[in-house]
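Residue 15 in our numbering sits at position 32 of the sequence shown, and the numbers go up by one each step.
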Amino acid sequence: MESKAEVEQIPGIDLSLMDKSVSPNEDFFKYVNGTWLQNNEIPADRTRWGSFDELRKKTDADALAILKAAMEDENLDLNSDQGKAVALFKTIMDTESRNNQGIDPVKPYLEKIDAINNIEDLQAFMIEMESSGGPGFFGFGVGADSKDSNKNTVYLG
């Protein structure tokens, strides 16, 4: 049987972030997140901030450290997944080459868009883009309401 200390140390759940002065029957969100909300401000360079944003920031920093270490590895196998990730990163960071290419890399896609003449062409293009990793034309998510940040709303775009 687990002790109380073991129960309180569940990975991913930080009970200190709860505001136990709030009744969970009255406002469950503030009960669960109240202390975190009081102690965390949205950074000036962000439009939102939450635990997933904190995780993203840490993950980005960790990934960058791994990439930088791999770039310094003289024995890096360029055909390995890590070698391919380093090559992709270097390509993305090489803005001079990218700017010199202009729109040439995306011309085939622009030509396909220009060739859309009817709903069937549009549908075929959307299917092709979705299956090749491109985003669809529509998506949805939940975020703070733009008129009342105390409320969440569903966004479709």
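Yeah, the Cβ is synthetic: ideal placement off N, Cα and C, and Gly gets one too.
Item	Value
Assigned exposure category for V89 - 16 Cβ within 10 Å defines buried	exposed
Beta-carbon contacts of N135 that lie in its chain and below 7 Å, excluding the five residues immediately before and after	V125, G126, A127, D128
From D56, F108, P26, Q65, residue whose alpha carbon lies closest to that of Y92	F108
Beta bridge counterpart(s) of L61 as assigned by DSSP	Beta-bridge pairing links L61 to no other residue.
Start-end ranges of the beta strand (DSSP E) lying completely within the region 9 to 51, minimum 3 residues	none
Beta bridge counterpart(s) of F123 as assigned by DSSP	L139
Simplified DSSP state of G117, which is helix, strand or coil	coil
Candidates D2, T30, A53, of which the one nearest A68 by Cα	A53
E103 in three-state terms, based on DSSP	helix
Coarse secondary structure for V5, derived from DSSP in three states	coil
Integer Cβ distance of S(-1) from T18, believed to fall under 8 Å	7 Å
Spatial neighbours of P26 in its chain, beta-carbon cut-off 7 Å, leaving aside the 5 residues before and after	W32
For G(-5), three-class secondary structure by DSSP	coil
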